[in-house]
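Residue numbers (my numbering): 1125 to 1336.
Cβ atoms here follow ideal geometry from the backbone N, Cα and C, with glycine treated the same way.
Accompanying notes for the structure given below.
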Ligand SMILES: N[C@@H](CCC(=O)N[C@@H](CS)C(=O)NCC(=O)O)C(=O)O
């Protein structure tokens, strides 16, 4: 299996966590998003969405991180990412897709570049934009976790939700978002950070992560 990704891409990070949780071996093929490698003709031929991640297996290319996560869980049914009951699977998806659908688009690199370069917004205004959208989705997720009296993980062991949450919290911290009012998410983050599957998936531990 070959994962085309970028060390700091949250969508690539999701997949690295899931592959590691499932104990699946994969090779990393870095795509330098800052250099625009995702727009190269060769990469577009592989993934017409011109973004990462893209996962190659048996001559096929799989794109769109959430679809890949769900596919991985069906294709490799050992160590499921989703809980057993339909109701619990709904909750895991409800929270994971809130992040994937509501947060990823407004906080994605091309949007931030557009705000800065094309519309001339300052870094301070962009930080406000970033924090506004983060809060809008993370606050209700925190409220749902609190209502469920969630422990270290949403359901006993990390899965789909944690694979999507942890990269988003990594980005939130990069943008100095205040997580002090979100103790449930921070506790889950702490518990995940103890696990080798999450440690190996961390951006700092990727072959394309800069040394300094
Ligand atoms: N919906 C897609 C989004 C993929 C995406 O936007 N990936 C970002 C990195 S996190 C990317 O490749 N952006 C391309 C760019 O910045 O031009 C997915 O979940 O896989």
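From the DSSP output, in three-state form, read off residue i for me.
i: residue 1234; result: helix
i: residue 1173; result: coil
i: residue 1305; result: coil
i: residue 1327; result: helix
i: residue 1286; result: helix
i: residue 1322; result: helix
i: residue 1272; result: coil
i: residue 1334; result: coil
i: residue 1146; result: coil
i: residue 1278; result: coil
i: residue 1315; result: helix
i: residue 1164; result: coil
i: residue 1296; result: helix
i: residue 1267; result: helix
Ordered along the chain, which non-local residues of its own chain (more than five positions away) have a Cβ less than 6 Å from that of residue i?
i: residue 1130; result: 1136, 1155, 1157, 1176
i: residue 1287; result: 1138, 1141, 1142
i: residue 1180; result: 1126
When every heavy atom of ligand 1 is checked, does at least one fall within less than 8 Å of the C-beta of residue i?
i: residue 1173; result: yes
i: residue 1176; result: yes
i: residue 1333; result: no
i: residue 1292; result: no
i: residue 1190; result: yes
i: residue 1130; result: yes
i: residue 1134; result: yes
i: residue 1255; result: no
i: residue 1205; result: no
i: residue 1232; result: yes
i: residue 1245; result: no
i: residue 1326; result: no
i: residue 1163; result: yes
i: residue 1157; result: yes
i: residue 1228; result: yes
i: residue 1169; result: no
i: residue 1287; result: no
i: residue 1208; result: no
Give me whichever residues DSSP pairs with residue i in a beta bridge.
i: residue 1129; result: 1154
i: residue 1117; result: Shown here, the chain extends from 1125 to 1336; a query on residue 1117 therefore has no answer.
Under 7 Å Cβ to Cβ from residue i, same chain only, skipping five residues before and after it: list those, please.
i: residue 1237; result: none
i: residue 1292; result: 1134, 1223, 1227
i: residue 1277; result: 1286, 1312, 1315
Who are the Cβ neighbours of residue i in its own chain at under 8 Å, not counting the five residues just before and after it?
i: residue 1202; result: 1146, 1147
Contiguous beta strand (DSSP E) assignments of at least 3 residues, all confined to the segment 1184-1265: If you keep only unbroken beta strand (DSSP E) runs of at least 3 residues inside the segment 1184-1265, you get 1184-1187.
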